[in-house]
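Residue numbers (the numbering used here): 270 to 777.
For every residue, glycine included, the Cβ atom is placed at its ideal position computed from N, Cα and C.
Predicted model only: the values in this text are computed from it and were never measured.
First the structure, in the form of structure tokens, and then the observations on it.
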Amino acid sequence: LIHHPTISSLASTFPAEIWLIIIKHLQQEKASSQHLSRLSRTCRAFYEEIEPLLYETIILKWRKNSKLLAETLQRRPQLKALVKELRHEHEMGISLTNFSKPFYKQLTSMENLETLIFNPKWTTIRCSGVRLFPEPKQDRWRSEAEDLLRGLLLVDVWSHDVGDDWHGQINEFLSKTHGIGFPVGSEVDIIQAVFDLTGNSVDEWEATLDDRLAFCDISPDIKPEVFSSLRVCHLGTNTTLDPYVNFRPFMFSPTIFRLRPRLKELCMTGIKFSHEWDDMDINEPEQKSALENLTMLNCELSINDSHDLFSHARGLKRLVFRGPAFASFFRVPESFRGGPIAYDIRTILGSSLESLDIDIYWGVPDGLRLRGGMPRLRKLTATTQTLFGSFDSEDQDIKDFIPESLEELVIRHEEGSHLPLASIYRTAESGQIAKLHTVVVQIGDFMRPDSYPYRVVVEWKDDFQCQGINLSAESVPYPLHIPRDEACSCENLSFYHRFPHHHKGLFR
């Protein structure tokens, strides 16, 4: 209707103030920048005034929009200076199949970009028994991509017999499409998760093509000054991962810690690092980084990853880690006290960390012994099985698990687990956690008010009050799925918990 001559004529007579109200409202409703721009063109006289508003926050809802944005910025490079926040809801920033060179070329030249969020809405697409590309019209690129992917479906990528032949074919195909953007052809993505990843998969190929990792290695000559204004970055997938990819995390390059030295907040969801940290060819940093907040959700850390990760995040103030762990993660010398992640938190981050939110799925056998070396930790959030391990006795001494500097303890209760309130009370009564003044027990809203955790909190509330500690229970939403698909998982931490699709990590 907007492009109808009569409607367009009438719309151009609207006062500028009305257009400003309309544009702001549509932005709050998360309308795409493309739609807002199209609408604003019906009022030509006001377009230049609202242009900064249009490009300050850009929300891309489809991959084809990234190509359109790249074309616009290429024609009008002055617009790049206006962009402060960019959210792409169908892009992970780390996937080979989402690679679009023109888009990333423009992205890396946004000198004032402060916030970058790549968190796609995941969709279930299978190819069993159907054509890879059911559309009747196929251009040359689509046909070539189909042949390439059909061949990959027949290859066992776990076999060492797969050599440079397929690697070369992938690179050759990408080199053909780089100049015109990728995906190419029609507005439908030519490689849009069109293969079933439950069996033989091609996602492992992405780990070997580090030079093609879109966000981290778009160009071999990337310098640290790229994204010089970037302060907040969210990368990865949402929590409702497609079951047909077997819930595997996506490969991610750790070079973000070298290339984004000014980041203050980083959130990574559903990833694991694609290669060894030693490949970065940089020494372990001895000085503090600018990173203050680090959130890792559904990420997998190897036994070495936690040390290398935290070494590149010295000076961290807030850490959120909720994800699985493997049995090998705990086969460490006794001197590590609580496993490598607890040891690394104490020794590397202990002098700076002020808030810790940690949930290692299915718990830690011996608990996280965090006492000692953490003089600034004020708030600790953890599940019982993560913090205290296999707690099975009210007489168990827990002083080694709670830092002496702690002021607020939040216990995320899981159904069937024990609440060690009696042991916490005795530790407080002995004066070993003298600064503690708040204990909160978070309970899923599916539990009845007369259930075990509520009864225990009521039973000990007065005793804790005598020690100057406020004990309370808090009901938190506990759905099977995060309700806001367009939001990053870290924006809904109260909803975030161990989802049923995770296999029991300790026994892998």
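task = Count the C-beta pairs between the stretch 668-680 and the stretch 636-644 that are closer than 8 Å, then say yes if the count reaches three, no if not.
result = yes
ask   = What is the DSSP secondary structure of C536, reduced to helix, strand or coil?
value = strand
inquiry  = Can you look up S624 in the DSSP assignment and give me helix, strand or coil?
reply    = strand
task = Between the Cα of L351 and those of Q343, I629 and T326, spot the shortest distance and give me the residue it belongs to.
result = T326
Check whether L532 and L499 have beta carbons under 8 Å apart = yes
ask   = Sorted by chain position, which residues of the same chain lie with C-beta nearer than 6 Å to L355's C-beta, five sequence neighbours on each side aside?
value = I327 and L385
query = Grouping DSSP H, G and I as helix and E and B as strand, with all else coil, what is Q375?
reply = helix
Own chain partners of H357 with C-beta closer than 6 Å, once the 5 adjacent residues on each side are dropped = L329 and F387
key: Close Cβ partners of V501 (< 6 Å) along its chain, the five nearest in sequence each way excluded   = T384 and E534
inquiry  = Quick check on DSSP: helix, strand or coil for E286?
reply    = helix
inquiry  = Just to confirm, is the Cβ distance from T707 to E677 under 8 Å?
reply    = yes
key: Straight-line Cα distance separating R344 from L762   = 40 Å
ask   = Short check: CB of H576 to CB of D635, under 8 Å?
value = no
task = Give the single residue among L675, A703 and R591 whose Cα lies nearest to the Cα of D628.
result = R591
query = Thinking just about the alpha-carbon of each residue, which of Q736, M716 and G539 is nearest to the one in A742?
reply = M716
Segment limits, alpha helix (DSSP H) that includes K730 = Y721 to C735
ask   = Ends of the alpha helix (DSSP H) at L499?
value = Taken as a continuous stretch (DSSP letters only), L499 belongs to no alpha helix (DSSP H), as it is neither H nor E.
inquiry  = Going by DSSP in three states, L762 sits in which element: helix, strand or coil?
reply    = helix
message = Give me the residue from T696, Y723 and V709 with the minimum Cα distance to Q736.
response = T696
inquiry  = Check this for me: beta carbons of I702 and E673, under 8 Å apart or not?
reply    = yes
task = Take K648 as the anchor and find which of D731, S335, S621 and S659 has the nearest alpha-carbon.
result = S621
ask   = Hey, quick one: how far does the alpha helix (DSSP H) through R695 stretch, first residue to last?
value = L690 to E698
message = Please list the terminal residues of the continuous alpha helix (DSSP H) segment that includes Q654.
response = T653 to L656
query = For S378, which residues from the same chain have a beta carbon less than 7 Å from its beta carbon, with the 5 sequence-adjacent residues on both sides left out?
reply = K349
request  = Look up E684 in the DSSP assignment and say whether it is helix, strand or coil.
outcome  = coil
inquiry  = Looking at the secondary structure, which residues open and close the alpha helix (DSSP H) in which S741 lies?
reply    = Unbroken run through S741 is the beta strand (DSSP E), N739 to V745; no alpha helix (DSSP H).
message = Can you tell me where the alpha helix (DSSP H) holding L578 begins and where it ends?
response = D574 to S580
task = Assuming E561 contacts R583 (C-beta within less than 8 Å), just tell me the rounded distance between them.
result = That pair is no contact at about 11 Å.
ask   = Going by alpha carbons, who is nearest to S659 out of L646, T650, M643 and G685?
value = G685
task = Reducing DSSP to helix, strand and coil, say where H357 ends up.
result = strand
request  = Take A691 as the anchor and find which of F733, D719 and S720 has the nearest alpha-carbon.
outcome  = F733
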